Amino acid sequence: MHSRRLASVTAVLVAGALALAGCAKGGGGGPAEAGGPALGPLENTAVTTIKVGTARDSAGPAPEVPGARTGGTVNMLDRDDFSHLDPGRVYVNYSAAVSALFTRRLTAYRVGDGGTITLVGDLATDPGTTTDGGRTWTFTLKNGLKWQDGTPITSADIRHSFERLFADFVTEGPDYAETWLVPDPKKPFRQQYEGPYHGKHLDSIETPDDRTVIFHLNGPHPDFNFTVAMTGYGAVPKAHDTRQKYDKRPFSSGPYKIVSHVTDKSMDLARNEYWDGTTDPIRHAYPDRFHMEFGLQAQQTTERFLADQGADRQAFTFHNAVAPERVPEVLANPEVMKRSVQGLTPFTSFYTINTSRVTDVNVRRAIVTAWPSRQLQQLQGGEVTVGRLATTVLSPTVLGYRPFDLYGKLKRPQGDPEAARRLLAEAGQPHPTIVYAYNLTPTQERMAVAIKDALGKAGFNVVAKPLATAKYYEAVGQVNNTFDVYWGGWSADWPTGSTTIQPQFDGRVITDGGQNYSHLNLPAINSAIDRADTISDPAAAGRAWAALDRQIMEEAPIVPEHYVTYFGIYGSGLGGVKLDPILGGQSALGIYVK
Amino acid sequence: MTTVPPPPRGPDPFLSVRDLSVRFSTEDGVVRAVDGLSFDVEKGTTLAIVGESGSGKSVTGLALLGLHDPASATLDGRIRLEGRDLLPAPRGTLERLRGDRIAMVFQDSLTALSPFHPVGRQIGEVYRRHRGASRREARERAVEMLDRVGIPGARSRVDDYPHEFSGGMRQRVMIAMALVCDPGLLVADEPTTALDVTVQAQILDLLSDLQRDSGTAIILITHDLGVVAAAAHEVLVMYAGRAAEHGTVGEVLGEPRHPYTWGLLSSTPRLSTPLDLPLSPVRGTPPSLLDPPSGCPFHPRCDYTGLAGPERCRNSRPALSPGGGAGTSATGGRHADACHLAPELKAGLRPRPPAHDRPVDGPLDRPLDRPLDRIEDTA
Amino acid sequence: MIGFLARRLAGALVILAVISVVTFCLFYAAPRDPARAFCSKVCQPETLELIRRNLGMDEPLAVQYWHWLAGIVAGRDLPGFGGCPAPCLGYSFATQEPVFGAIVDRFPVTLSLTVGAAAATLGFGVLLGMVAAWQAGRPLDRIASASSVVGASLQIYFVGPLLAFALVDTFGVLPRPAYVPFTGDPVGWFTHLLLPWAVLSIVFTANYTRMTRAQMVEQLAEDYVRTARAKGMPERVVFFRFAWRGAMIPIVTIFGVDLATLLGGAIITEQTFALHGVGELAIRAVQNSDLPMLLGVTLVGAGAIVALSVVVDVLYAVIDPRVRLG
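Residue numbers (full-length UniProt numbering), protein chains in the order written: chain F, 1 to 594; chain G, 1 to 379; chain E, 1 to 326.
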């Protein structure tokens, strides 16, 4: 619900707003029920450990799921059809979730027990190697990889998969690799290469033999192996590239192939007999078939999972969460809780403070300190529905994340007006005026009142400025906007600090419609970003990003709001359903019919 | 048009109504719309029931067909048609008699005919219902009837809808529909009121022709004494649900006895009256039937209570009697009225010239198109 | 009759043309850029340009409209996707399929839903109203009138999930609502649509019960009904052949107006039961800023309403011969 529309930052924000609007419907229950008593609070520190795996980690088959059986049909019920299936056009987590069943990438994430995430080779024998700090990356394809027609998956296919991303119809997917594979990263990449359909290859991708692919990037990108784990860089066969039409019927490299797909209605997957489990470290492929139905709202799937009748017993959902109004009922039902999935997603939400207007750091700190985080969380439906209180820029699902709470938000989640007053006094502005812009929805309206109230206690004079939904993001995206605080959301494209911090807090990329909504532009932070970007050791890079996180929060450019959680249920006839912490929904990879 | 002399009366009248009363229960109380009405009608004769609006004449007509809603109307007395009692008859029996032995023609043919069905079908379905005729036979009969009532090109008009006919033609259709089964009794409720004078005459001629051909008994309900003069054999003047005067046309129009009848006559314009002589409508308004006046119901409007004795008029209800005072029996072809005035006084008081100025037959001597109702409304 | 139909058809075309122009203009007047939905997370200006070109949105509005209009008559060639034969209502940005095909594919669902619900609404509404009028003042009348009050206060999105949870999820009395093609399995078509029909019509039936009762009571007091009785017509004939006809005229008139509302109700019903009809397409088209789909669905919806209103007019003339279709 929070994250399906991640095709653009605008969409991220819209989705967040939709989530908020959606919560307004069910979350009216208010603070009393919103706390979610049945869920023990998870320590943010212990949620995930992320590491880069080895060749051994990358070898198949995936470790057996205890008690799993092969065979049967698994049903999937969800709200939307997948917006894209052509890997190059997939950015949204929801489409990525299904793509994992038939699209393999060079690398992928293996989710272990206890919240460990390991980057492993998927098509590649290991998660890639670089010897020059991330400029040159070498991937070797495994033996025995085949397309759904039995032909081998070769390095030429991989090169083609990257080259076709330059074609004019591929506009929706990520464009990190494209930007890094052309000679000049500052110029539009399509002006530097026209794509493979006119017979030209990219000079920067080398295929010395059928199994080796070497990428020559135009700068150091030490987490390029994370980049290529995105579905957007999945494999497309050169011989079966139907270009625009590929989006409708992709060619499978994974354990399943599409046998039928009726837009917005249903999709059926059957086994791809040429897929070899011994090459695959993350996919189990227990069921024989998947049957997917679309058009079901969260309320409908929740009711069907609760009723647990007939074929719905073997049904799960990639993305539909428990409808907010049914959350208390589910939490109180131990039988249903046994078939629930919950945990953190890579999504965070926050209130941006416009640093070009609120220039005094102590005033910004006072805003964070006085912020009524708990009240806002409850207004939006409570922790289980909307997420855990956040205190950092980075999500706990990011490699290197270190928890800290500079402004005592966990101790005083309702806001600390006294401390805020002291900060304002220090700034010499005991009663600053703050313009708070928000999306005009009933929930946000109530939230604005809570904010006004809490900040008012600290001495602020809050001017609440409602904006029409359609205009909101355009308005707050203007560099010279006239607002001081506004809501936003973010999700990392891969779990390292670079995709969160660089686009949002690099002061050299402040433009209209850009992502640096806080307009923070500090030389110290800019150069720290540059340094962290080039550290090739993942653990060291993680430490660097975590340090930057703290450094940024010292400047108080945002009021962190939530580490967004997912809470979903599925049918009693299924086993092996886990949370996918990268995509923030239910994972189909280990699923089996009991 | 010539008036056919009434055939001699047999021992058992064709239609005999005795002591009929119709009461409606309303939210405000019980309305005695008809109260103790008695009359007979013989085959081939026409009885005109005359009175102002609300005098109970239409209610009487509907009562004869059993068309009152049993939920709100209570009927008492006796209605006997061809020796058969109609009043206690079950609904099914009445339904079978209606349209077959008793038929009715209504005033406004535009609203009284179904706008949704072709006239041929509306006529034919009566025939089918009562005679078990086939669709085709019913249609043939409808054409025949349309032809009989004088609709030109009957065969080509049989599938037309009522709104495609003129008012007079539509009234002919109504009559055709009423007579399709050769009923013994036809109740015609203001059949000519909505029509212009020429057409009125044609319709009355038609009714009288048809009566001559088939010997149907007709009850002609009207407020128009001109129509009465032209078409009826007997006249029953109703006031407040009761008979005020009853006799042959010659008796009632020629020697009217009841002051109400006098009033009616003097408010009817005629061509022989000098145009500068003002019409004198009956003064006052018709009584409320919820709470009718005590004694003679006409006494609040009567100019002669002084002569008859105000106490008497106020307290004692005059019976319908040949002498005008005592006696109970009413009809029997004898001129009777319900008034406390002494008969000799009445003879002296009867206004002139109406007495000898009863309208003469013939189209030139028709009353003007001035319904009484309207005149009273302006009074 | 033919003249009447020809005039109505010409009128309908004008209405549809106006609607398409208005939809076109409204779409572009809306404060959002449909191209954004097809742009990457970090949307480069040149990518946005490219998308606009791909979508044909770089051309002037009038030219775009002209292409679209011409496509309906002559078909279009859409680069990358192949031909879009006439009548080409365009190619959906979001679902990547010809709009016409998508609508044709889903039309039977919405048609079944709407026609079935309309029949149920009229059928049950009129029947209940007649019963109530027939039994006026008696217990059956009270029950019918009371249930119509309850029915009128219900909402699709409230009754729908409730009934589905009870009848489908919990007791399994009815199959889960879905569209089974009528031609393949008429019984399945019927049973699977029973619940949506019921839910959609429940809300509307109440109105018709009330109206029919009132109209019948009114008609039964009409002169021509009295005439029918005076002709010796049995009471049930009077009721069903005479009074009924008159009562139907205002009912049909209001029904013509209600059809648009019913279509709106069908959209909600489709959402409630996850039926994949035109209504779902419409909602999705709005969500996706999918102009061609939006245009197509709007036109088909408007066309349906116009067509149904012609049917109502014809029906009207059939019921009331005073109305002439000249």
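Every residue, glycine too, gets a C-beta built ideally from N, C-alpha and C. Since the structure is predicted, the reported quantities are computational estimates derived from the model, not experimental observations.
Those residues of the stretch 126-158 of chain G placed with their C-beta closer than 8 Å to a C-beta in chain E are V126, R129, H130, ordered along the chain. If you check the CB distance, L315 (chain E) and L200 (chain E) do not come in under 8 Å. Those residues of the stretch 48-65 of chain E placed with their C-beta closer than 7 Å to a C-beta in chain F are L50, I51, N54, ordered along the chain. Between F165 (chain G) and chain E, the shortest Cβ-Cβ separation is not below 8 Å.
Among the residues of the stretch 221-237 of chain E, those with a Cβ less than 9 Å away from any Cβ of chain G are E222, D223, Y224, V225, R226, T227, A228, R229, A230, K231, G232, M233, P234, E235, V237, in the order of the chain.
The stretch 195-214 of chain F makes no contact with the stretch 225-235 of chain F: fewer than 3 CB pairs, one atom from each, lie closer than 8 Å. Per the coordinates, the alpha-carbon of R388 (chain F) lies some 15 Å from the alpha-carbon of V398 (chain F). Not flagged as an interface residue toward chain E: F24 (chain G), since no C-beta distance is shorter than 8 Å. Between F189 (chain F) and F166 (chain F), the gap from beta carbon to beta carbon is short of 8 Å. By the criterion of a C-beta distance shorter than 7 Å, D506 (chain F) is surrounded in its chain by N516, N526, I529, once the five residues flanking it on both sides are discounted. One Cα belongs to C84 (chain E), the other to I72 (chain E), and the distance between them is close to 10 Å.
A Cβ of chain F is located within less than 8 Å of the beta carbon of S40 (chain E).
In the three-state reduction of the DSSP assignment, A243 (chain G) falls in the strand class.
From the listed residues E:M130, E:L275, E:G125, the smallest Cα separation to P177 (chain E) is found for E:L275. The alpha helix (DSSP H) runs lying completely inside the stretch 507-546 of chain F and spanning 4 residues or more are 523-533, given in chain order.
Neighbours of I319 (chain E) across chain G, judged by C-beta separation under 9 Å: F116.
Look at D264 (chain F): its C-beta is under 8 Å from a C-beta on chain E. Interface with chain F (8 Å Cβ-Cβ cutoff): R284 (chain E) is included.
Annotated three-state conformation of R176 (chain E) is coil, per DSSP.
Proximity of F255 (chain E) to chain G, defined by a Cβ-Cβ separation below 8 Å, is not satisfied. Neighbourhood of T171 (chain F) in chain E, by CB distance below 8 Å: F38, C39, S40, T47, L50, I51, N54, in chain order.
When secondary structure is reduced to three states using DSSP, P115 (chain G) falls in the coil class, being assigned neither helix nor strand.
When the beta-carbon positions are compared, P220 (chain F) and G343 (chain F) stay at least 8 Å from each other. The beta-carbon separation of L186 (chain G) and I218 (chain G), rounded to 5 Å, stays under the 8 Å limit for a contact. Inter-segment contact for the stretch 272-284 of chain F and the stretch 244-260 of chain F is present: three or more beta-carbon pairs are separated by less than 8 Å.
In this structure, the CA atom of A338 (chain G) is about 15 Å from the CA atom of L307 (chain G). Judged by their CB atoms, L145 (chain F) and L123 (chain F) are nearer to each other than the 8 Å cut-off. Note on M174 (chain G): 16 or more other CB atoms within 10 angstroms of its CB, so buried under the neighbour-count rule. Using a CB distance below 7 Å, no part of the stretch 138-151 of chain E faces chain G. Between R243 (chain F) and R550 (chain F), the alpha-carbon positions lie close to 45 Å from each other. Neighbourhood of R245 (chain E) in chain G, by CB distance below 9 Å: S114, P115, F116, H117, in chain order. Taken atom to atom, the span from the alpha-carbon of M145 (chain G) to that of L206 (chain G) is near 12 Å. The beta carbon of D77 (chain E) sits closer than 6 Å to the beta carbons of G83 from its chain, once the five residues preceding and following it are set aside; these are given in chain order. P287 (chain G) is classed as buried because its beta carbon has at least 16 other beta carbons within 10 Å across all chains shown. Here G584 (chain F) is buried, its C-beta having at least 16 other C-beta atoms within 10 Å. Residue pairing for F347 (chain F): DSSP places it in a beta bridge opposite F:S491.
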